[in-house]
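Participant: The numbering used here runs 307 ahead of the 1-based position in the sequence shown.
Idealized CB from N, CA, C, for every residue including glycine.
On a predicted model such as this, the values are computed, not experimentally measured, just so you know.
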Amino acid sequence: TYGTNNESFSVYESADLTLKNAVFSRLFMQYALEDSVINITLDGTTEVELVDVYKAHLIFDGGETDTLKTPSFNTSGNPGSVTVNGGNIILDCVTESTLSTIICAGGFIINGGTVTASNNYYNVVFDSVTLNGGELNIISTSTDYEAIKGSIIIEKGALLTVSATKGILDMDSDIVMADDAEENDYFFVRYDTESEFVPVQDIESALNGKAYAEIKIDTHEHDLDDNG
Numbered sequence: 308t309y310g311t312n313n314e315s316f317s318v319y320e321s322a323d324l325t326l327k328n329a330v331f332s333r334l335f336m337q338y339a340l341e342d343s344v345i346n347i348t349l350d351g352t353t354e355v356e357l358v359d360v361y362k363a364h365l366i367f368d369g370g371e372t373d374t375l376k377t378p379s380f381n382t383s384g385n386p387g388s389v390t391v392n393g394g395n396i397i398l399d400c401v402t403e404s405t406l407s408t409i410i411c412a413g414g415f416i417i418n419g420g421t422v423t424a425s426n427n428y429y430n431v432v433f434d435s436v437t438l439n440g441g442e443l444n445i446i447s448t449s450t451d452y453e454a455i456k457g458s459i460i461i462e463k464g465a466l467l468t469v470s471a472t473k474g475i476l477d478m479d480s481d482i483v484m485a486d487d488a489e490e491n492d493y494f495f496v497r498y499d500t501e502s503e504f505v506p507v508q509d510i511e512s513a514l515n516g517k518a519y520a521e522i523k524i525d526t527h528e529h530d531l532d533d534n535g
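1. So, under 8 Å CB-CB, I396 and L375 are touching, yes? Tell me the CB distance rounded to an integer number of Å.
2. Of the choices V505, D477, T353 and F495, whose alpha-carbon is the least far from that of P378?
3. Could you pull out every residue in the same chain whose Cβ sits closer than 6 Å to the Cβ of E442, ignoring the five residues on either side in sequence?
4. Could you check the C-alpha separation between D477 and C400 for me, to the nearest Å?
5. In three-state DSSP terms, what is D509?
6. Which residues mark the beginning and the end of the beta strand (DSSP E) in which I455 is found?
7. Is the CB-CB distance between M336 and V318 below 8 Å?
8. Identify, in the order they occur along the chain, each residue of the same chain with its Cβ nearer than 7 Å to the Cβ of D434, setting aside the five sequence neighbours on each side.
9. In terms of residues, what are the limits of the beta strand (DSSP E) holding L365?
10. Which residue's Cα is closest to the Cα of N381: D499, R333, D525 and I455?
11. Could you check the C-alpha separation between P506 and D525 for me, to the nearest Å?
12. My output table needs one value for A322: the three-state DSSP class, helix, strand or coil.
13. For the candidate residues I460, A339 and I455, whose alpha-carbon lies nearest to that of N430?
14. To which residues does DSSP link N540 through a beta bridge?
15. Work out the CA separation of E501 and A513 for me, nearest whole Å.
16. Considering Cα atoms alone, identify which of N444, L357, G419 and D451 is closest to S427.
17. Is it the case that the Cβ atoms of I345 and A363 are separated by a distance below 8 Å?
18. Rounded to the nearest angstrom, what separates S388 and L365 at their Cα positions?
19. Given a cut-off of 8 Å, decide if F367 and N328 are closer than it, judged by their beta-carbon atoms.
20. Whose C-alpha, out of S404, I522, L398 and A322, is nearest the C-alpha of F469?
21. For N515, I'd like the list of residues in its chain whose CB is within less than 8 Å of its CB, leaving aside the five on either flank, ordered along the chain.
Now the structure itself:
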């Protein structure tokens, strides 16, 4: 169990860590050996000012009330991955940072839990996100940048919520269903005041230009006659 006020620690190789009601200034993994696996179990609420993942694979687990709060994940431009299996991850970059909230060249993978990402200055999602389960909530109040620049691959059973002032998708971004999607699979998209079923191949055209709206993209099974 780690954590006292305003301390930092570095991980040099594979490790299993428990973060219990901790406050850190920095959590460094840039010294870890390539392909090191760092398993972190959340216990209570942990706050970190900077999480820096270099070549390591960072894995989070936690219960429904366990939370990690940090402005962003930074991989320093090198292949490092972040996997969330449970708990709550809150990435809040709305006050000072000018960087994306999810910068994870090696992949940001959500298998469970809830990830909420906010940014007031730039794209919220810069690199690819794979949403296998759980929820990803994206909040952007930037008037200059769309919320999503990277790609989001969403599996059936996952939920993506996007609230954006400027717009949802940057010209280089996309939202697609997982590789096993069939041509007749649909996204169930709920806007502020209406909902519709959108075929997989039409999701970008349905979202492009949308702004000032909360959009929920749900891949749970729905009746095609269900409009709400």
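Facilitator: So, from the listed chains and residues:
1. Counting from 1 along the sequence shown, the entry for residue 396 is found at position 89. Counting from 1 along the sequence shown, the entry for residue 375 is found at position 68. Their Cβ separation, rounded to whole angstroms, is 5 Å, which keeps I396 and L375 in contact under 8 Å.
2. For the purposes of this step, residue 378 is taken as the residue at position 71 of the sequence shown. Distances from the alpha-carbon of P378 to those of V505, D477, T353 and F495 put T353 closest.
3. On the sequence shown, position 135 is the one that residue 442 refers to. Excluding the 5 residues flanking it on each side, E442 has same chain C-beta neighbours closer than 6 Å at T421 and L466, in chain order.
4. Start at 1 with the first residue of the sequence shown, and residue 477 comes out as number 170. Start at 1 with the first residue of the sequence shown, and residue 400 comes out as number 93. Rounded to whole angstroms, D477 to C400 spans 19 Å at the Cα level.
5. By 1-based counting over the sequence shown, the position of residue 509 is 202. Per DSSP, reduced to three states, the secondary structure at D509 is helical.
6. Stepping through the sequence shown from its first residue, residue 455 is reached at position 148. For I455, no beta strand (DSSP E) segment is defined, and its DSSP state is neither H nor E.
7. Residue mapping note: residue 336 aligns to position 29 of the sequence shown, counting from 1. Residue mapping note: residue 318 aligns to position 11 of the sequence shown, counting from 1. Closer than 8 Å, so yes.
8. Along the sequence shown, one-based indexing puts residue 434 at 127. Answer for D434: I409, I410, C411, A412, F415 and G457, listed in chain order.
9. As a first step, residue 365 is located in the sequence shown; it is residue number 58 there, counting from the start. It spans H364 to D368 - the beta strand (DSSP E) in which L365 sits, taken as one unbroken run.
10. On the sequence shown, residue 381 is found 74 positions in, with the first residue counted as 1. If we check each option's Cα against that of N381, R333 comes out closest.
11. Position 199 of the sequence shown holds residue 506. Position 218 of the sequence shown holds residue 525. Cα to Cα, the separation comes out at about 12 Å.
12. Sequence index remark: in the sequence shown, residue 322 carries index 15 (1-based). Collapsing the DSSP output to three states places A322 in a strand.
13. In the sequence shown, the residue the question calls residue 430 occupies position 123. Per the Cα distances, I455.
14. There is no way to answer for residue 540, as the model of the chain reaches only from 308 to 535.
15. Here residue 513 corresponds to residue number 206 of the sequence shown, with the count starting at 1. Here residue 501 corresponds to residue number 194 of the sequence shown, with the count starting at 1. Their backbone Cα atoms lie some 13 Å apart in a straight line.
16. Taking the sequence shown and counting its residues from 1, the one referred to as residue 427 is at position 120. Here residue 427 is Asn; the residue named in the question, Ser, does not match the sequence. Nearest option by C-alpha distance: D451.
17. As a working mapping, residue 345 is identified with position 38 in the sequence shown. As a working mapping, residue 363 is identified with position 56 in the sequence shown. Between I345 and A363, the gap from beta carbon to beta carbon is short of 8 Å.
18. What you label residue 388 is simply residue 81 of the sequence shown in a count that begins at 1. What you label residue 365 is simply residue 58 of the sequence shown in a count that begins at 1. Distance between the alpha carbons of S388 and L365: 6 Å.
19. Translated into positions along the sequence shown, residue 328 becomes position 21. Translated into positions along the sequence shown, residue 367 becomes position 60. Contact flag unset, no.
20. Start at 1 with the first residue of the sequence shown, and residue 469 comes out as number 162. Here the sequence assigns Val to residue 469, which means Phe is not the residue at that position. Of the candidates S404, I522, L398 and A322, the one whose C-alpha sits nearest the C-alpha of V469 is I522.
21. Start at 1 with the first residue of the sequence shown, and residue 515 comes out as number 208. Cβ neighbours of N515 within its own chain (closer than 8 Å, five residues either side excluded): G474, I475 and L476.
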